[in-house]
Structure formats: C-alpha cells, structure tokens
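S.K.: I have a structure here, written as structure tokens, and I will follow up with some questions on it.
Residue numbers (this note's numbering): 1 to 706.
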C-alpha cells in the first residue's frame, strides 16, 4: 500500500480519535451516568455524552471487563457470575471473548482500550477496502475515495463501539482475501482468507455477520464464474479450506453460542416473529430519507429525533453526499471493476429490504448498502479518471440530489415544534449542497485528470468527519468509573453477596464494572427463563432495560439479594434496614437472604459451609445427616456439573436455578461449569491450528545419500 494512503488514513484516525488515543481522554460516554443515583453529583461535561451510546457502558464494557478478569486469573471466560444469577459469557457473542480486534487492546486499561479497539476497526476497514479496490483494478485515487466512503461511513463510525462494527471492519478483508485466492491461490492467500473469516465469525453480532457472509458468498460465486473452468476447482478448494479452518478456529466461541442462544430472550422474540423476514410494506420517507439527508429528522446526539428509529439505525447507510452522486452515476455506466454489478445487486436488495420491509426491527442490511455505495463510487471515479464522461448525467444527478436534500429539510420538520434543531438541519443542508457542488465541479472540470479522484476522496473524508465527529465526544479522565461514597461502601461491604437497585438507579450491569454482583440483568441475550423468573419484581422496561421495584417481594431473598441501592430520598420497606445514606444514594441491607448455595430441604443438624467461590467453580462443605436437597440462586443452562464427594451426581437440568437431591452423609460439593460445546470447539480449534501449521511448513527436502 502506498505511503500517501497510509498518511491519509493516519490523518483521518487522528481527527476522529486523536483526543482519546493521544490526549488522555476517554471514548466511552461516561457523562451519561449523570443524573442517576449514585452519580447525581457528577459535574457535567462540555460537550455532553451521546445519549445513544449508553449500551457501551451498561452492556458492552461490563462483558469485556469480565472477559479480562477471566484471562487475568488464568481461566477461560466461560461464565459471568456478576450479572443476574449468572449467565454464559463465552457463549454471549457480544462479550467478544475471542475477537482479535478486542484482544489486541487487552494490554491497555479497560476504559482506554475502547478507543484503541474503535480505531483498529476503522483502520482495518480503511486498509482492506483500499487494498480490495486496488486489487480489483481501481487506481489509487478511486480506491482512496471508496475506502473513505466505507471506513468513515455511517455504519462503521456510528456503531464503532458496538460488536457489530467488527463485522463491518472484517468484510472488506474477507473480500480482498477472496480475490487473492481466486487470482493467485498461494498458501499465504488461503491463510489470509482463513484469518479474515475467523475475525468475521467472531464479530459478536450474528445478524451483521450473516449479512457480511452472504455478500462474501455471492462475491466468491462471481469470482469462481469468471475463472477459467480448469482453475475453478483450485479456487473453490482454497476458499473451502479457508472457511473450514476459520470455522474450526472460531468453534470454541461459536459452538457454545449455538448451544445457548435458543435459551435467550432474543430467541423468544425471534420465535414471536418480531424479527421475522419483512413483508411487503410502504416506502415511508422515514425509512430512506436519512440515507440521503442524515439530519432531516433531527439527531439523537442532541436528544431530538423524530424519524423511524434512531440516528444510528436510520443513518447508518449514509456514506457521503459525493458518494451518493458517484453511486448514481454508476447506475448508467459501463462496469469498470469485475464485481461491480454483483455489488450493485447486493446493495439494491439490501436497500429494498430496509425500505420496504414490514415489520422491520433492525436495519443491519445497511451494512451492505454502505459497502455498495463506496464500491460504486470508486467504480465511477475509475471511469472518470480514464476518460471524459458526459456532462448531462452529472448535472442531472447533482440536481436531483440537491432537490431531495432541500425537500427533505423543508418537509420533515418536527411535527409539533417546527423550529426544533433548525440550525442543525439547515446548517447541514448548506454543508451537503457545498460538498455536492464541489464534487460535481471536480467531475466536470477535471474530467480525465488522474488527480481528480484524490480531490473527491478528500471531499468524502471531510464531509464524513464533519458529520461524525460530534457523535463521539471525548470524556475527561475524571469520569473514569467515578466512585461516590455509596459505591465505596458497597465495595467494602458486599463481598460475594448480591445487590440490586430500584428504578433507574445504578443501571443494570454497571455495578459489575466495580466488582459488584448485580441481580438485575440487561442483555438481549439474557436467559429468558431468568427474565420470566424476575417478572414479579420488574415494574417496567426502559427500552430493553429492566426496571425493578416491589422491594418487599420475597423473590429478593430467594435470589440472594442482601443489598439494595436507591435514591437518597427513597425508603425501602421492611425487612430492609438502612445501612448508608448520603447525597448520592441510600443503601439498604436485608438479613437472612439465601446464599449462593443452600439446602432447600434442610434436615435437622444440616448446614452448608463455604470455602471457595470462583466464576467457573463453586465448592462447599456440608453437614448432611439425612437426605436433603441442594438449592441455589445460580442459573442452570444445562452445563453445570455437580460432584458429591468427588463423584458425578445428577443435577436438575430442567429448573431455572440449579438444584439437586443429595444423599445422606455428603460432605463436599463441587460445582463445575463445563460446557460440552466448548470442549468440542477446543478440539476443532486444535485440529485447525495443526492443519494451518502443516500448511505453512514447506515440504521436506530429501538429500540423496551417496
């Protein structure tokens, strides 16, 4: 890759992430904690955090933190004991336990690593999109424009903190490796494809991964079709071997996920049809206008949005106004790059899926729309850099885009308060028309000039950076997991006990970042049986976040919740007793909450004594003069193994919480979390590594003895 391209990417990354990579600030939206107990007294930041990014500190980062704890302790990250009554960790794709782009940042502190992982995602997308387009025959300028349109586009940059950005980052790497295998097929090309597919399979978001793999399959079929018949078997063997190696290497995470996902809340929603394939619907403007005018319906970054879903979802397909102009011009041009029509077809199908689908809860096909726009833009620039294209299509396309932009800004004002975000909406219209006019002028006045695509690439990068920089406001270091006195009290007193919080206080999962075990659980992949179990104390939902109340309910005792946090002005009913109160929060203690393991049928003289508790293992000593029954408040997904006095003993797999009958005289219990799917995955991964090592080794040389 040429040095100017590296320099351009470095400048883009510095502008996008410079303050959080080099300036000591943080990428996570920690300012969002303000206003909720126990963080009410935090001083505000300027600018404020992005309200859309709350998941990054309440869902993504807590899972990554537990993965780190497991690796630091020298164990596999199989189980997360700090949320709910525990849930699988490696089997949760969003934990990214084996994702290479997340693992590369693990040597850094947790909160600083978020910026490094985000920068790596953008860098991988930029580099491999550029290499793919160059390998396909595009010049440096068109390839740079396509790389900027994709790598700085809405799908990757707006979602850059979420696991689904991994799929966007690895997609061009997979396609680039496919082209190398098709045209060369050397061992290193096959291993590159296997490595890229491995990263994609471990992306952490099944839907985005499926769409990326679908495009890769269509792309591979097109490559095979254009190969001479005698070379197709070699390409197909190489691609198939790479897929097998990647799948086997990713099996330690994929197989547990496939085993667990049917138990999850998301699987229940899929079964209910809320994420079913779309039916024929109407192309409402809210569905497609943000792909052209991303601020036409306001912007969640400024807490005002009246579009279809939210800014991240709806505007994820926006790749720049100049990119849209170039993509429109590609519709009527002669194909320049080999897979141009394939990418165009995939993009159109994905766009129709998004625009016409009903019902449609997610808009992940915009990944393919974003890639298609970037690829088509590079194709148009490649044509225009080699010949003088006609003037009329440029003028017509630019005029049509300008008319849509003006119409969208004038038409879709807030229905109740038309002046809402008027400065943002009209200001962005001015910027878009400027970039549109400049791109059209370059195409018209510099037709056939080799430097024109580089200028257009600069326009694309400038517009996307101008649009997306406000979406990631850097946070000051003082907000790096701030500890109020109430949090310090909990850290001193809670130990291995469980806690919870009422209402919006101390959002679920967030206590895990402080080493506290939170009985609440916010995760689309939460065990649906546990969600049903906790329904009596759940008073509502804040989006997908459960809100707890009814502190008097006996379920708190059953779940082993000994500590409860509320706002400082709130009171908890008996038997809760006040243990701490200040201006930030109140903490309440409950006596006689059940321990993690206990005897539910307790004969006279029986008892449980703890002496070891780990994430993947629990051990206890018993006094059991007569037969009894082991009870617990630990979620049983079917993979807990019970040993009684060193011998395998059947547990009750059908119950939500782990339990088992115990014989008289039992003295020691060992509970081990050992997923069968993980063991099978490790065997496959070992086989894949052995095959890859043999593939890399040169064949032995035999020396003929005299």
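Glycine included, C-beta positions come from ideal geometry on N, C-alpha and C.
Because the structure is a prediction, the values reported are computed rather than measured.
Straight-line CA distance for residue 278 to residue 350?
M.R.: The sequence position of residue 278 within the chain shown is 278, counting from 1. The sequence position of residue 350 within the chain shown is 350, counting from 1. For residue 278, the predicted structure reports a pLDDT of 43, less than 50, and the residue's modelled location is therefore unreliable. A value from the coordinates is still provided. Roughly 12 angstroms separates the two Cα atoms.
S.K.: Per DSSP, residue 71 is paired with what?
M.R.: Here residue 71 refers to the residue found at position 71 when the chain shown is read from its first residue. Paired residue(s): none; residue 71 is not in a bridge.
S.K.: Just confirm the distance between the C-beta atoms of residue 325 and residue 374, as a whole number of angstroms; I'd bet it's less than 8 angstroms.
M.R.: Counting from one through the chain shown, the residue named residue 325 turns up at place 325. Counting from one through the chain shown, the residue named residue 374 turns up at place 374. Not really, about 13 angstroms apart at Cβ, beyond 8 angstroms.
S.K.: Could you pull the start and end residues of the alpha helix (DSSP H) that residue 98 belongs to?
M.R.: In the chain shown, counting from the first residue as 1, residue 98 sits at position 98. Counting along the chain, residue 98 falls outside any alpha helix (DSSP H), and DSSP gives it neither H nor E.
S.K.: For residue 542, which residues does DSSP report across the bridge?
M.R.: Within the chain shown, the letter at position 542 stands for residue 542. According to DSSP, residue 542 bridges with 545.
S.K.: Pop quiz: residue 268 and residue 528 are said to be a contact at Cβ under 8 angstroms. What is the actual Cβ separation, rounded to whole angstroms?
M.R.: Taking the chain shown and counting its residues from 1, one reaches residue 268 at position 268. Taking the chain shown and counting its residues from 1, one reaches residue 528 at position 528. Confirmed, Cβ separation roughly 5 angstroms.
S.K.: Using 8 angstroms as the threshold, is the C-beta distance between residue 557 and residue 536 below it?
M.R.: Here residue 557 refers to the residue found at position 557 when the chain shown is read from its first residue. Here residue 536 refers to the residue found at position 536 when the chain shown is read from its first residue. In this structure, residue 536 does not lie closer than 8 angstroms to residue 557 by Cβ.
S.K.: Would DSSP call residue 222 helix, strand or coil?
M.R.: The sequence position of residue 222 within the chain shown is 222, counting from 1. Residue state, collapsed to three classes: helix.
S.K.: How would you label residue 186, buried or exposed, when you count the other beta carbons within 10 angstroms and need 16 or more for buried?
M.R.: As a working mapping, residue 186 is identified with position 186 in the chain shown. Exposed: under 16 other Cβ atoms inside 10 Å.
S.K.: Can you confirm whether the stretch 198-215 touches the stretch 319-337 when touching is taken to mean that 3 or more C-beta pairs between the two stretches lie within less than 8 angstroms?
M.R.: no
S.K.: When you compare each of 532, 597, 504, 644 to residue 38 by their alpha carbons, which one comes out closest?
M.R.: The sequence position of residue 38 within the chain shown is 38, counting from 1. Taking only the C-alpha atoms, the option nearest residue 38 is 504.
S.K.: Just the C-alpha distance for residue 311 and residue 303, rounded to the nearest angstrom, thanks.
M.R.: For the purposes of this step, residue 311 is taken as the residue at position 311 of the chain shown. For the purposes of this step, residue 303 is taken as the residue at position 303 of the chain shown. Going from the Cα of residue 311 to the Cα of residue 303 covers about 10 angstroms.
S.K.: Considering only the alpha carbon of each residue, which of 533, 690, 289 lies closest to residue 636?
M.R.: In the chain shown, the residue the question calls residue 636 occupies position 636. With distances taken between Cα atoms, residue 636 lies closest to 533.
S.K.: Between which residues of its own chain and residue 414 is the CB-CB distance below 8 angstroms, once the five residues before and five after are set aside?
M.R.: Counting from one through the chain shown, the residue named residue 414 turns up at place 414. Cβ neighbours of residue 414 beyond the five flanking positions: 298, 304, 306, 420, 421.
S.K.: What would DSSP say about residue 621, mapped onto helix, strand or coil?
M.R.: The residue you call residue 621 lines up with position 621 of the chain shown. Three-state DSSP puts residue 621 in a strand.
S.K.: Three-state secondary structure (DSSP) at residue 647?
M.R.: In the chain shown, counting from the first residue as 1, residue 647 sits at position 647. Strand at residue 647.
S.K.: Could you check whether residue 408 and residue 433 sit closer than 8 angstroms to each other, using their CB atoms as the reference points?
M.R.: As a working mapping, residue 433 is identified with position 433 in the chain shown. As a working mapping, residue 408 is identified with position 408 in the chain shown. Judged by their CB atoms, residue 433 and residue 408 are not nearer to each other than the 8 angstroms cut-off.
S.K.: Whose C-alpha, out of 83, 57, 62, is nearest the C-alpha of residue 518?
M.R.: In the chain shown, the residue the question calls residue 518 occupies position 518. Closest by alpha carbon: 83.
S.K.: Out of curiosity, what's the CA-to-CA distance linking residue 627 and residue 644?
M.R.: Sequence index remark: in the chain shown, residue 627 carries index 627 (1-based). Sequence index remark: in the chain shown, residue 644 carries index 644 (1-based). Between residue 627 and residue 644, the C-alpha separation is close to 13 angstroms.
S.K.: Can you find at least 3 beta carbon pairs, one from the stretch 330-339 and one from the stretch 374-385, that sit closer than 8 angstroms?
M.R.: yes
S.K.: Going by the CB atoms, is the gap between residue 316 and residue 366 shorter than 8 angstroms?
M.R.: The residue you call residue 366 lines up with position 366 of the chain shown. The residue you call residue 316 lines up with position 316 of the chain shown. Contact flag set, yes.
S.K.: What residue range is occupied by the uninterrupted alpha helix (DSSP H) comprising residue 195?
M.R.: Within the chain shown, residue 195 is the residue found at index 195, counting from 1. Residue 195 -> alpha helix (DSSP H) spans 187-201.
S.K.: Could you compute how far the alpha carbon of residue 457 sits from the alpha carbon of residue 399?
M.R.: Here residue 457 refers to the residue found at position 457 when the chain shown is read from its first residue. Here residue 399 refers to the residue found at position 399 when the chain shown is read from its first residue. Cα to Cα, residue 457 sits roughly 21 angstroms from residue 399.
S.K.: In whole angstroms, what is the alpha-carbon distance linking residue 112 and residue 646?
M.R.: Looking up residue 112 in the chain shown gives position 112. Looking up residue 646 in the chain shown gives position 646. Their backbone Cα atoms lie some 44 angstroms apart in a straight line.
S.K.: Tell me whether the beta-carbon of residue 660 lies closer than 8 angstroms to the beta-carbon of residue 651.
M.R.: Taking the chain shown and counting its residues from 1, the one referred to as residue 660 is at position 660. Taking the chain shown and counting its residues from 1, the one referred to as residue 651 is at position 651. Note that the C-beta distance between residue 660 and residue 651 is below 8 angstroms.
S.K.: Which residues bound the alpha helix (DSSP H) around residue 370?
M.R.: As a first step, residue 370 is located in the chain shown; it is residue number 370 there, counting from the start. For residue 370, the enclosing alpha helix (DSSP H) covers residues 366-386.
S.K.: Please list the segments of the beta strand (DSSP E) lying wholly inside the stretch 527-615, counting only runs of 3 or more residues, in order along the chain.
M.R.: Correct list: 538-542, 545-548, 561-566, 577-581, 586-589, 597-601, 607-613.
S.K.: Hey, how far is the Cα of residue 467 from the Cα of residue 412?
M.R.: Here residue 467 refers to the residue found at position 467 when the chain shown is read from its first residue. Here residue 412 refers to the residue found at position 412 when the chain shown is read from its first residue. One C-alpha to the other measures close to 19 angstroms.
S.K.: Once you ignore the five residues that flank residue 707 on each side, which residues in its own chain have a CB closer than 7 angstroms to its CB?
M.R.: Outside the displayed range of the chain (1 to 706) lies residue 707, so it cannot be described from this structure.
S.K.: Drop a sphere of 10 angstroms on the beta-carbon of residue 364, count the other beta-carbons inside from all chains shown, and report buried for 16 or more, exposed for fewer.
M.R.: To locate residue 364, count along the chain shown from 1; it is residue 364. By the 10 Å Cβ count, residue 364 comes out buried.
S.K.: Using a 10 Å radius around the Cβ and a threshold of 16 neighbouring Cβ atoms, would you call residue 676 buried or exposed?
M.R.: For the purposes of this step, residue 676 is taken as residue 676 along the chain shown, with counting starting at 1. It counts as exposed.
S.K.: Just verifying my parser: in three-state terms, what is the DSSP assignment at residue 53?
M.R.: For the purposes of this step, residue 53 is identified with residue 53 of the chain shown, where counting begins at 1. Three-state DSSP puts residue 53 in a helix.
S.K.: Rounded C-beta distance between residue 499 and residue 565? I'm assuming under 8 angstroms.
M.R.: Locating residue 499 in the chain shown gives position 499, counting from the first residue. Locating residue 565 in the chain shown gives position 565, counting from the first residue. That belief holds up - the Cβ atoms of residue 499 and residue 565 are roughly 7 angstroms apart, short of 8 angstroms.
S.K.: Would you call residue 80 buried or exposed, if buried means 16 or more other Cβ atoms sit within 10 Å of its Cβ?
M.R.: The residue you call residue 80 lines up with position 80 of the chain shown. Buried is the call here.
S.K.: Return the Cβ separation of residue 179 and residue 223 in integer angstroms, given the expectation that the two are a contact with Cβ distance under 8 angstroms.
M.R.: Position 179 of the chain shown, counted from the first residue, corresponds to residue 179. Position 223 of the chain shown, counted from the first residue, corresponds to residue 223. With a Cβ gap of about 7 angstroms, residue 179 and residue 223 count as contacting.
S.K.: Taking only the alpha-carbon atoms, compute the straight-line gap between residue 463 and residue 692 and give it to the nearest angstrom.
M.R.: For the purposes of this step, residue 463 is taken as the residue at position 463 of the chain shown. For the purposes of this step, residue 692 is taken as the residue at position 692 of the chain shown. So the alpha carbons of these two residues sit roughly 43 angstroms apart.
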